[in-house]
Amino acid sequence: RTLIRKLPKIWEIRKAGAASVAALLFTTPLLLYYTGILGPFVLVANILVVPMIPATMALGFLAVILDFFWHPLGLGLSFVARVPLEYIVRITEGLAQFGAFRIQLSFLSALVLFCAIALAMRQWKHQGSLSFKKFPSPHS
43 RTLIRKLPKI WEIRKAGAAS VAALLFTTPL LLYYTGILGP FVLVANILVV
93 PMIPATMALG FLAVILDFFW HPLGLGLSFV ARVPLEYIVR ITEGLAQFGA
143 FRIQLSFLSA LVLFCAIALA MRQWKHQGSL SFKKFPSPHS
């Protein structure tokens, strides 16, 4: 929670950061299991790109709808829709140049990792932190 609060509110960066962290936490085990690849700048890319997704989708959708009625108008709007799309592509390609980590996980390892993340999130939600209570020692 503290890390997300440090992100600026402008352009919905804080919401994008929170959504990106949640998505990354719960999809990482599946990504590692199926692809074995984890990008080092996934979170940065998502924070920079997620605020542009609604505008890109809305402009693209509107361009398609208008194209049904009058092709030149739809075509013109498609060029406008290309601006946020180009931003997304350039950020993605730029950060992809830094490479990725290759990690192979078995299905069981991915399942255990997912369960550990889910339990940690549950603990964090109910306790407000990830500090776990110590169990009493059997010798005390």
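In my numbering, the protein residues as written are 43 to 182.
Note that beta-carbon positions come from the ideal geometry of N, C-alpha and C, so glycine has one too.
In the DSSP assignment, I89 falls within the unbroken alpha helix (DSSP H) covering 84-91.
When C-beta atoms of the region 90-101 are compared with those of the region 55-68, three or more pairs fall below 8 angstroms, so the two segments count as touching. Relative to L147, the option among L101, A65, Y76 whose CA is nearest is Y76.
A residue is called buried once 16 or more other Cβ atoms fall within 10 Å of its Cβ, and L115, having fewer, is exposed. In this structure, A87 lies away from P126, with their beta-carbon atoms at least 7 angstroms apart.
Residues F83, A87 of the same chain have their beta carbon placed closer than 6 angstroms to that of L137, with the five preceding and five following residues left out of the count. In this structure, P71 sits near L155, with a CB-CB distance shorter than 7 angstroms. Note on A64: under 16 other CB atoms within 10 angstroms of its CB, so exposed under the neighbour-count rule. With contacts defined by Cβ atoms closer than 7 angstroms, G81 and I145 do not form a contacting pair.
L101 sits close to A123, with the two beta carbons spaced by under 7 angstroms. Rounded to whole angstroms, the separation of the alpha carbons of L85 and F111 is 40 angstroms. Under the DSSP assignment, T77 falls outside any alpha helix (DSSP H); it carries neither an H nor an E label.
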